[in-house]
Amino acid sequence: MRLLFIALLASALLACSDPKELSESERRFNRATAQHSEQVQEARILLNEKLTGDFLSDINALIYVKEKLNSAESVFVKAKIVGMSSPEAEKLKAQLRKYELEAAKTSLSLLRTAFRATIDFQKSVHDMPLAPVSGASLGSSSMIDYMGKQFNSSLESCCLSHLKNIEIFMRGAKGDIFYTLRKRIINVESDLTRVLSDDEYQRKYKQTLLDIEKELSK
Numbered sequence: 064m065r066l067l068f069i070a071l072l073a074s075a076l077l078a079c080s081d082p083k084e085l086s087e088s089e090r091r092f093n094r095a096t097a098q099h100s101e102q103v104q105e106a107r108i109l110l111n112e113k114l115t116g117d118f119l120s121d122i123n124a125l126i127y128v129k130e131k132l133n134s135a136e137s138v139f140v141k142a143k144i145v146g147m148s149s150p151e152a153e154k155l156k157a158q159l160r161k162y163e164l165e166a167a168k169t170s171l172s173l174l175r176t177a178f179r180a181t182i183d184f185q186k187s188v189h190d191m192p193l194a195p196v197s198g199a200s201l202g203s204s205s206m207i208d209y210m211g212k213q214f215n216s217s218l219e220s221c222c223l224s225h226l227k228n229i230e231i232f233m234r235g236a237k238g239d240i241f242y243t244l245r246k247r248i249i250n251v252e253s254d255l256t257r258v259l260s261d262d263e264y265q266r267k268y269k270q271t272l273l274d275i276e277k278e279l280s281k
């Protein structure tokens, strides 16, 4: 009777305990999967519910979505889980690729706008009288210096600040066209400076933008 009681007690204890305790690798996998899912969900909400539909207004949010997805992937890497992703993450990455094409087209448009503004500034400098406008309060600055500061400020707000954000968003995008555009964005200020002082480079730069347009239209 005593032996039967002990056997029944042992059976009851076994029934109350987990049939199998998780291994360290299984716990690591579960933690990584949960963290991955959480970050992908944040990216999904932002991408599908929070965008305005205006690309330049949404660019910072799109950068954040891409960073979230990269972070979600790195969760598996840090957990030493190779080749792991999720259908939801892959779906969001496919959506982002569509925005990468829009980023390429928008960046070309902004590069052209900056180029035209630079040409207009060059013409205005060539056409202006050397002496400051009578009555203008410019202090020690010359009229050209004043115009240059105005031009730089205008160029930054219309084009350069947007281009810098687009370059960040296009990092990691696959395709030669994205590399070409990122290179042009990174060098845009030095390019436009040369456009102002070198007529031959001005023609080459204009042709470069035309070549990019042809590549994008393929």
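All residue numbers for the sequence shown refer to our numbering, where the first residue is 64 and numbers rise by one.
Even for Gly, the Cβ is constructed at its ideal location relative to N, Cα and C.
Residues near residue i by beta carbon distance below 8 Å, same chain, minus five either side
i: residue 103; result: 131, 132, 135, 149, 151, 152 and 155
i: residue 271; result: 247
i: residue 210; result: 184, 187, 188 and 191
i: residue 218; result: 177, 180, 181 and 255
i: residue 252; result: 223
i: residue 216; result: none
i: residue 207; result: 188 and 191
i: residue 238; result: none
i: residue 269; result: 178
Other residues of its chain near residue i: CB distance less than 7 Å, five sequence neighbours each side excluded
i: residue 264; result: 257 and 258
i: residue 261; result: none
i: residue 93; result: none
i: residue 99; result: 135, 138, 139 and 149
i: residue 116; result: none
i: residue 114; result: 121 and 124
i: residue 129; result: 159 and 232
i: residue 144; result: 92 and 95
i: residue 108; result: none
Rounded distance between the beta-carbons of residue j and residue i, thought under 8 Å
i: residue 240; j: residue 279; result: 6 Å
i: residue 95; j: residue 138; result: 5 Å
i: residue 249; j: residue 171; result: Going by Cβ atoms, the distance from residue 249 to residue 171 rounds to 15 Å, so no, they are not a contact pair.
i: residue 158; j: residue 85; result: Incorrect: roughly 35 Å between the Cβ atoms, too far for contact.
i: residue 226; j: residue 164; result: Not quite, the Cβ-Cβ distance comes to about 16 Å (not below 8 Å), so this is no contact.
i: residue 142; j: residue 91; result: 5 Å
Other residues of its chain near residue i: CB distance less than 6 Å, five sequence neighbours each side excluded
i: residue 166; result: 229, 232 and 233
i: residue 266; result: none
i: residue 242; result: none
i: residue 297; result: With the chain represented from 64 up to 281, any question about residue 297 goes unanswered, as that position is not in the structure.
i: residue 162; result: 125
i: residue 236; result: 163
i: residue 119; result: 225
i: residue 220; result: none
i: residue 49; result: This structure cannot settle anything about residue 49, because the visible part of the chain is limited to 64 through 281.
i: residue 214; result: 184
i: residue 212; result: none
Would you check if there are 3 or more beta carbon pairs closer than 8 Å linking the stretch 172-183 to the stretch 120-127?
-> no
Unbroken stretches of the alpha helix (DSSP H), 4 residues or longer, contained in the stretch 210-276 = 224-233, 239-249 and 251-260
Which ranges does the alpha helix (DSSP H) cover as unbroken runs of at least 4 residues, wholly within the stretch 93-153, from first to last along the chain?
-> 118-141
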